[in-house]
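Oh and the sequence shown: position 25 is 24 in numbering that gives the first Met the number 0, straight run, nothing missing.
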Amino acid sequence: MAIVKLGSSITSQIPLWRYMSIDKLVNLLEVESLYFTPLSTYAKSDPFEGYLPKVAFEALATVLGSSYKELESVYDQLKILADNSRTSGVINTVGEELLMQLRTRLDSQNDFVKEAYKAIARGITVNCWHSSLHESEAMWRLYSENGKGIAIQTSIDSLKKSIESVEQDLLVQIGAVKYLDFYDQDISPKDCVIDGHLSPLLKRASFSHEKEVRLFTIPEIDHKSLGGFEPKAESIALNAKELIEKIHISPFASEPFISSTIAICKKYGIDPEIITKSALLEGHDELLETLGVW
Numbered sequence: 000m001a002i003v004k005l006g007s008s009i010t011s012q013i014p015l016w017r018y019m020s021i022d023k024l025v026n027l028l029e030v031e032s033l034y035f036t037p038l039s040t041y042a043k044s045d046p047f048e049g050y051l052p053k054v055a056f057e058a059l060a061t062v063l064g065s066s067y068k069e070l071e072s073v074y075d076q077l078k079i080l081a082d083n084s085r086t087s088g089v090i091n092t093v094g095e096e097l098l099m100q101l102r103t104r105l106d107s108q109n110d111f112v113k114e115a116y117k118a119i120a121r122g123i124t125v126n127c128w129h130s131s132l133h134e135s136e137a138m139w140r141l142y143s144e145n146g147k148g149i150a151i152q153t154s155i156d157s158l159k160k161s162i163e164s165v166e167q168d169l170l171v172q173i174g175a176v177k178y179l180d181f182y183d184q185d186i187s188p189k190d191c192v193i194d195g196h197l198s199p200l201l202k203r204a205s206f207s208h209e210k211e212v213r214l215f216t217i218p219e220i221d222h223k224s225l226g227g228f229e230p231k232a233e234s235i236a237l238n239a240k241e242l243i244e245k246i247h248i249s250p251f252a253s254e255p256f257i258s259s260t261i262a263i264c265k266k267y268g269i270d271p272e273i274i275t276k277s278a279l280l281e282g283h284d285e286l287l288e289t290l291g292v293w
């Protein structure tokens, strides 16, 4: 059974919006699944995806450094014993080999930790939604090619039910992204924890206009094969009709795109009553008329 876990960062009353092209809407209705993208995919648009503010990395380094120093202390003690044995004319081949392995591990620990973090963080897959009481003109421009775009409106409850209604063995978590200055020394490591996670619910303040809510899955990675790990996208099944509460057509759209969108939705059993063209660019004349009501 699918389990959808809601984080405490989520405000369930605020509508969720997903702006997209018509072909992506058709794909959603046809295959009835959500596409989860690995964070590695966003490396060009935001190379900080999956990373943490400096204070959080420093806190992790302190914890990891403590373990490293303990290993270093063990190595130093073993080396003294090995040196004393050699001085006495006793050579322990097995002990010498273990000592060399420990030294190699210590020398590579720094690079290993960074590569391990990068692999785990970049392997997390996400599906992103815009959280707002109102539609966004900026989002329409971003996701409407030549004015041809639509937006699905849903709620946390509908999103959760649409995934849980399909029999599948997985855990999907949902949380609201927190936007921070990654170099702000006035924040604490605790400020960087959202719903018990450090990643992927942190982004830089420059992206705060996205007002993002993320569905995400965390991959299982064998630490022994980190070097060969390749992030993979996921498609998670859902009930599309249960997901969609409303479909908004771009305010920049015109015919025949509008009627074509309605026809496509009807083909997939979507009630035309929940499909509407955005009125974002309408109503200004009516508003002005109020000036003449004396």
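Glycine residues also receive a C-beta, built at the ideal position from the N, C-alpha and C atoms. Because the structure is a prediction, the values reported are computed rather than measured.
{"query": "Please go through the same chain and pick out, in chain order, the residues whose beta-carbon is closer than 8 Å to the beta-carbon of A239, but skip the five residues on each side of it.", "result": "L27, L28, E31, S161 and Y267"}
{"query": "Would you tell me roughly how many angstroms separate the C-alpha atoms of I261 and A118, rounded to the nearest one?", "result": "43 Å"}
{"query": "Taking buried to mean at least 16 other C-beta atoms within 10 Å of its own C-beta, is N297 buried or exposed?", "result": "The question about residue 297 has no answer here: the residues shown for the chain are numbered 0 through 293."}
{"query": "Give me the Cβ distance between Y18 and M138, rounded to the nearest whole Å; I'm assuming they're in contact under 8 Å.", "result": "5 Å"}
{"query": "Can you tell which of S20, I21, I123 and W16 has the C-alpha that lies nearest to the C-alpha of A42?", "result": "I123"}
{"query": "Just the C-alpha distance for H247 and D110, rounded to the nearest angstrom, thanks.", "result": "48 Å"}
{"query": "Alpha helix (DSSP H) containing M0: first to last residue?", "result": "Looking at the DSSP string, M0 is not in any alpha helix (DSSP H), and its letter there is neither H nor E."}
{"query": "Note down the Cα distance separating D190 from S11, rounded to an integer number of angstroms.", "result": "22 Å"}
{"query": "In angstroms with no decimal places, state the Cα-to-Cα distance between R213 and K202.", "result": "12 Å"}
{"query": "What is the rounded straight-line gap between the Cα of K231 and the Cα of N126?", "result": "13 Å"}
{"query": "For V292, count neighbouring Cβ atoms within 10 angstroms of its own Cβ and tell me buried if that reaches 16, exposed if not.", "result": "exposed"}
{"query": "Going by beta carbon distance, what residues of the same chain come within less than 8 Å of V93, once the five residues before and after it are set aside?", "result": "In this predicted model, V93 has a pLDDT of only 49, less than 50, meaning its place in the structure is not dependable; the value taken from the coordinates is given anyway. Answer for V93: no residue qualifies."}
{"query": "Please report the distance separating the alpha-carbon of L59 from that of P199.", "result": "16 Å"}
{"query": "Residues in the same chain with beta-carbon distance under 7 Å from V163, minus the five sequence neighbours each way, listed in chain order, please.", "result": "The identity of residue 163 in the sequence shown is Glu, whereas the question assumes Val. Closer than 7 Å at the Cβ level, and outside the excluded window around E163, lie A1 and V3."}
{"query": "Could you give the distance in angstroms between the alpha-carbon of P255 and the alpha-carbon of E229?", "result": "42 Å"}
{"query": "What's the C-alpha gap between S205 and D180?", "result": "8 Å"}
{"query": "Once DSSP output is grouped into helix, strand and coil, what is the label at E364?", "result": "Given that the chain is displayed from residue 0 to residue 293, the structure contains no residue 364 and the question cannot be resolved."}
{"query": "Check this for me: beta carbons of Q167 and A236, under 8 Å apart or not?", "result": "yes"}
{"query": "Any idea if A278 is buried or exposed, counting beta-carbon neighbours within 10 angstroms, 16 or more meaning buried?", "result": "exposed"}
{"query": "For the alpha helix (DSSP H) that contains L242, what are its first and last residues?", "result": "A239 to L242"}
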